[in-house]
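The block underneath contains the structure these notes are about, expressed in structure tokens.
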Amino acid sequence: DSHQDPPVLTLASSLLISQNIVAASSQQPAATATATATFMYITANYSSCLSALEAEVRTYENFVYFSLAVTLICATIRRAKAATFKEHPALGAKVLFSFAILKVALGVILLSVFPGCPQVCEGACTTTAHHYIYPTLVFGVAFSYFLLGNRYRKLANAQAAVVAAEEEDDDDEGNLMVETTTTTSPPQGKELV
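Everything in the sequence shown is counted per our numbering, starting at 204 for the first residue and increasing by one.
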């Protein structure tokens, strides 16, 4: 296998580790020995450390791409089924609540699989700060789906109330029980109800 690591990464890693060794040597001899041992371990296991870190990054990126795909799918469904959701708002509410739950789950997963320093690197990584920007955006999208689903739910409840009121006004055969009267000159030729 003639695979060589990128020289920039190798040089940057070596400089960072040598800075840690120099800083440790100025403090205590025992720290110098520890830093030297860490340097030797990292140089011996550099490729396994790098591949472990890349695997964690790939896992995180896959969940990011999946989350983006879910957002695009939801937007496509909302546009394609807008008329259907207006006629059947209960269906729209179910769809949007489902997408909201999925996005919340993805937000939690993104927070938990954020790449850190792998075990095989044994503390060679400096600081690994979590970036909460994208998971926060995912939670925001989930919240907007919840709000839209709630609007559809309210619309479905209003439609159900109208249907129930109309059914009260009908007799058993479906005839409208409200009296209609006509005047001798109905406005614009329509029957008054």
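Every residue, glycine too, gets a C-beta built ideally from N, C-alpha and C.
ask   = Taking the alpha carbon of VAL341 as the point to measure from, which residue in GLN362, ILE304, PRO292, LYS357 has its own alpha carbon closest?
value = Numbered from 1 along the sequence shown, position 138 holds the residue referred to as residue 341. When only C-alpha atoms are compared, the closest one is ILE304.
task = From the DSSP output, in three-state form, read off PRO318 for me.
result = Numbered from its first residue, the sequence shown carries residue 318 at position 115. In the displayed model, PRO318 falls within coil according to three-state DSSP, outside both helix and strand.
inquiry  = Tell me the residue span of the alpha helix (DSSP H) that contains TYR249.
reply    = Taking the first residue of the sequence shown as 1, we reach residue 249 at position 46. First-last of the alpha helix (DSSP H) with TYR249: 249-283.
task = Measure how close the beta-carbons of CYS252 and VAL323 come, nearest whole angstrom, since I'm counting them as under 8 Å.
result = To locate residue 252, count along the sequence shown from 1; it is residue 49. To locate residue 323, count along the sequence shown from 1; it is residue 120. Correct: roughly 5 Å between the Cβ atoms.
query = To which residues of the same chain is TYR337 closer than 6 Å at the C-beta, ignoring the five residues directly before and after it?
reply = Start at 1 with the first residue of the sequence shown, and residue 337 comes out as number 134. Once the five neighbours on either side are set aside, TYR337 has no close Cβ partner at all.
query = When the Cα atoms are used, what is the spatial distance from CYS320 to LEU314?
reply = Counted from its first residue, the sequence shown places residue 320 at position 117. Counted from its first residue, the sequence shown places residue 314 at position 111. When rounded, the distance between both Cα atoms is 15 Å.
request  = Note down, in chain order, each residue of its chain lying with its Cβ closer than 7 Å to the Cβ of LEU358, except the 5 sequence neighbours on either side.
outcome  = As a first step, residue 358 must be located in the sequence shown, where it is residue number 155. Residues PRO292 of the same chain have their beta carbon placed closer than 7 Å to that of LEU358, with the five preceding and five following residues left out of the count.
task = Report the three-state DSSP secondary structure of CYS324 (helix, strand or coil).
result = By one-based count along the sequence shown, residue 324 stands at place 121. Here CYS324 carries a helix assignment [DSSP, helix/strand/coil].
ask   = Mind checking whether LEU309 and PHE346 have CB atoms under 8 Å apart?
value = Locating residue 309 in the sequence shown gives position 106, counting from the first residue. Locating residue 346 in the sequence shown gives position 143, counting from the first residue. Not a contact, by the Cβ cut-off of 8 Å.
ask   = Can you tell me the Cα-Cα spacing of PHE300 and LEU271, whole angstroms?
value = For the purposes of this step, residue 300 is taken as the residue at position 97 of the sequence shown. For the purposes of this step, residue 271 is taken as the residue at position 68 of the sequence shown. Distance between the alpha carbons of PHE300 and LEU271 is about 17 Å.
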